[in-house]
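Heads up: the sequence shown runs through residues -23 to -1, 1 to 252, numbered per mature numbering (1 follows the signal peptide of the UniProt record, and there is no 0). Each residue gets a CB set at the ideal place from its N, CA and C atoms; glycine is no exception. Structure, as structure tokens:
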Amino acid sequence: MRRRQLLAALLLAPLLALPAARAANLDDLKAGGVLRVAVYRDFPPFSFVHNGELGGIDVELARAIGKKLGLTVNFMPLTPADDVDGDLRNAVWKGHYLGGGTADLMLHVPFDPELARRNDNAFLFGAYYKEHLAWAGASVPASTWQIGSERIAVENDSLADLYLSALQAGRLRGQLQHYPTSAAASAALQDGRASATFGTQSELEWQLHGGNWQLGQPQTPGLLKAGWEVGMATKESLRDLAWAVSDALAELRASGELAAIFQRYHTSYRPPDEH
């Protein structure tokens, strides 16, 4: 997930407009007419370059929010740090030590109370869908405890990899095939090198659409969370932007436009849990 690609960096370079100063509030943003949004670099189906154009679910969502707010959206492609805390630091409240400034809004942030407590310079809000771990293959086991002798392709060091490696004292380790990306793991399933793959549902749906694979969510004993909400973040000082974005997001959900964005990328829209 979230691979660092030189080609994507080169293609996205024209989109990197460096602001002289960041807005102090929503009125400043509206006066400037521009909303700068951080999205992950090379992260299909959410944000990626295709035929020289930046697209994806998060990119379309950001543009739809900008339209609701009457703001032009500029994108800040984000190379992931070692953890989400580092991403919030680099994208939202401090900026990378190599420069480039910060964004007004960051998409694809895990909507997690503990993450929010650790990052008090950022304000986490706006959960817009729920991600899950999922299984794809000829059939889907009811539980990961019922996995048989399948050759299972996984992205190296992903949550799916770490979970299956530890499951039942390592029973499945010999069946795991490790690949550098989720896309490579799905390709192994498609060409017969593996008989199943395990990863995030959105990526599997994107990578395997048009095939005849079964895709579903087996029970995951021993895993604290097999599903998690994904939302947004802004600076603590830009809470008025968060309220405006939340209103725009509610309108996009109610109208069906948000679900339609997901559908355009062959990904099922799963709404976040109601709080």
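Which of the three DSSP states is assigned to residue i in this structure?
i	result
THR49	strand
ALA39	helix
PHE20	strand
LEU218	helix
ALA8	helix
GLN(-19)	For GLN(-19), the predicted structure reports a pLDDT of 38, less than 50, and the residue's modelled location is therefore unreliable. The matter cannot be settled from this model.
LYS44	helix
ALA15	strand
ALA203	coil
ALA165	helix
Excluding sequence positions up to five away, which residues of its chain have a Cβ less than 6 Å from the Cβ of residue i?
i	result
ARG247	TYR106 and LYS107
GLN196	SER120
Taking Cβ positions, are residue i and residue j nearer each other than 9 Å?
i	j	result
ALA111	LEU200	no
PHE52	LEU65	no
HIS109	HIS186	no
ALA104	ALA130	no
THR177	ALA165	no
PRO21	GLY33	yes
ASN28	VAL69	no
Only counting the same chain, and skipping five residues up and downstream in sequence, which positions put a Cβ closer than 7 Å to that of residue i?
i	result
ALA227	none
ARG216	PHE100
ASP35	VAL16, PHE23, SER24, LEU84 and HIS85
GLU234	ALA41
Excluding the 5 residues flanking residue i on each side, which residues of the same chain have their C-beta closer than 8 Å to its C-beta?
i	result
ASP62	LEU92, ARG95 and ASN96
ALA142	The question names Ala, yet the displayed sequence has Ser at residue 142. The residues are LEU149, ARG150 and LEU153.
SER126	GLN152
ALA115	SER172, ALA173, TRP190 and GLN191
Which full runs of the beta strand (DSSP E) of 3+ residues lie inside the region 78 to 157, going along the chain?
82 to 87, 99 to 114, 129 to 132 and 153 to 156
Would you call the region 69 to 86 and the region 203 to 223 touching, i.e. three or more CB-CB distances under 8 Å?
yes
Along the chain, which unbroken stretches of the alpha helix (DSSP H) at least 4 residues long are found entirely within the region 169 to 193?
178 to 185
Are the region 86 to 96 and the region 36 to 47 in contact at 8 Å, needing three or more beta carbon pairs?
no
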